[in-house]
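Peer 1:
Residue numbers (the UniProt record's numbering): 1 to 189.
Here you go:
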């Protein structure tokens with residue numbers, strides 16, 4: 001973090017005047033990291049192996065190893081390294097090895113993607129819950145501000161709009177409508 005004066009930073013929801021993260025933000029970060037660590041610990045041996053293999057297969061070291069092995073195999077078997085006799089002149093064995101490796105690597109990548117998709121679904125559910133809670137709290141705040149303005153006799157220009165904003169959103173109704181629209185869209189195709 002760059003050096004700033006107290007006047008530049010000030011107390012904010014993110015950074016305190018001392019340049020440290022706010023306690024709420026720090027607590028949230030720690031909670032997320034603890035959850036990730038617990039999830040990583042709870043992963044099965046197969047999930048850990050698939051993740052490690054996918055990570056390695058996506059590295060430049062993996063590419064370099066394959067360049068050396070496959071390049072050497074090809075150079076030797078097409079006769080460009082005469083001191084070593086060719087054992088796969090048609091390169092059929094190399095093609096078979098590469099095909100089997102591709103099958104396994106794609107399986108490991110798919111396993112890893114499935115795990116990541118499940119993590120994304122869990123994060124989406126959390127986001128939805130937080131958004132719904134925020135919506136509910138905002139609705140209550142609007143109702144309170146409206147009650148205060150009525151008590152103080154403040155005239156509200158868009159009375160109808162305020163009344164609408166004071167009602168809670170029903171997520172089930174929204175989801176039902178989205179599903180109806182998706183179904184109608186699929187039928188028209």
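Positions of the beta carbon are idealized from the N, C-alpha and C atoms, including for glycine.
Mapping the DSSP letters down to three states, classify residue 15 as helix, strand or coil.
Peer 2: If DSSP states are grouped into helix, strand and coil, residue 15 belongs with the strands.
Peer 1: When the distance is taken between beta carbons, is residue 109 closer than 8 Å to residue 54?
Peer 2: Yes, these two residues count as a Cβ contact at 8 Å.
Peer 1: What are the boundary residues of the alpha helix (DSSP H) that includes residue 71?
Peer 2: Element bounds for residue 71: 60-77.
Peer 1: What do you get for residue 183, buried or exposed, if any count of 16 or more other CB atoms within 10 angstroms of its CB means buried?
Peer 2: With fewer than 16 other Cβ atoms within 10 Å, it is exposed.
Peer 1: Taking a contact to mean a Cβ-Cβ separation below 8 Å, would you say residue 76 touches residue 86 in this structure?
Peer 2: Closer than 8 Å, so yes.
Peer 1: For residue 50, does the count of other Cβ atoms within 10 angstroms reach 16, so buried, or fall short, so exposed?
Peer 2: Buried.
Peer 1: Note down, in chain order, each residue of its chain lying with its Cβ closer than 7 Å to the Cβ of residue 112, except the 5 sequence neighbours on either side.
Peer 2: Excluding residues within five positions, the ones whose Cβ falls inside 7 Å are 50, 51, 54.
Peer 1: Could you give the C-beta distance for residue 162 and residue 146, rounded to a whole number, given that I count them as a contact under 8 Å?
Peer 2: Residue 162 to residue 146, Cβ: 6 Å. Contact.
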